[in-house]
Structure formats: structure tokens, C-alpha cells
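These notes concern the structure reproduced below.
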Amino acid sequence: MSERRVGPILVDGAIARAIACAIESESDEVVVVDRGGYLRVSSRSPCSASRISIEDRLGAPFCMRRDLEPVMPSYSGRLELDDEVVRWR
Numbered sequence: 027m028s029e030r031r032v033g034p035i036l037v038d039g040a041i042a043r044a045i046a047c048a049i050e051s052e053s054d055e056v057v058v059v060d061r062g063g064y065l066r067v068s069s070r071s072p073c074s075a076s077r078i079s080i081e082d083r084l085g086a087p088f089c090m091r092r093d094l095e096p097v098m099p100s101y102s103g104r105l106e107l108d109d110e111v112v113r114w115r
């Protein structure tokens, strides 16, 4: 059986790259595939990124509930979201 991988698909740009870097620092066995217009980020479950980690990489405030949705058209797994952490399981 293949291993289950979860994570977001992100529209490429500064926010997407900050999220991908945050996921790389907080999750195990992360793979980021750059498809030109979007990034496919996946890791073994759980895959997560904290607001603080994203802000550190972005250099600007980041609101999970407002700023994530416009850059994440899709994802694999089950999404858990609050004001401080986004997690895919």
C-alpha cells in the first residue's frame, strides 16, 4: 500500500512560498513540486503550518481565515483550520 500524503495546492507567489517554507519547517518528509503556476506541497500526515511561521517567512501579517483561501484552490486530506494553525490530515 502506498503511503498517504496530504497538503495544499497553492497558487504560486510570495504567500504560497512562505506557506510552503513554513510547512517544510513543521512537517515530516515534505515534497514541494513547482508546476509553474502553482505549488503542490505534500507530506506524510499530518502536514501543518503555523501563522507565526508563515508571517516570519512572509515578513508581513497573515490571517489564516482570510489570506489562505485565495491562494489554496485545492488540497488533499482533511483540512483543520483555526486562527493560529492550518493542518491537513
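Going letter by letter, the sequence shown gives residues 27 to 115 in our numbering. Glycine residues also receive a C-beta, built at the ideal position from the N, C-alpha and C atoms.
- With fewer than three CB-CB distances shorter than 8 Å, the segment 94-101 does not count as touching the segment 48-60.
- Arginine 77 sits in a helix when the DSSP states are folded into three classes.
- In the three-state reduction of the DSSP assignment, valine 97 falls in the helix class.
- Rounded to the nearest whole angstrom, the CA to CA distance from arginine 30 to proline 87 is 32 Å.
- The residues Ile41, in chain order, have a CB closer than 7 Å to that of aspartate 93 in the same chain once the five nearest residues on each side in sequence are set aside.
- For glutamate 50, there is no enclosing beta strand (DSSP E); the enclosing alpha helix (DSSP H) covers residues 40-52.
- In the DSSP annotation of this structure, valine 56 is not part of any beta strand (DSSP E), being labelled neither H nor E.
- In the DSSP assignment, arginine 113 falls within the beta strand (DSSP E) that extends over 111-114.
- Contact between serine 76 and glutamate 52 holds: CB atoms are separated by about 7 Å, below the 8 Å threshold.
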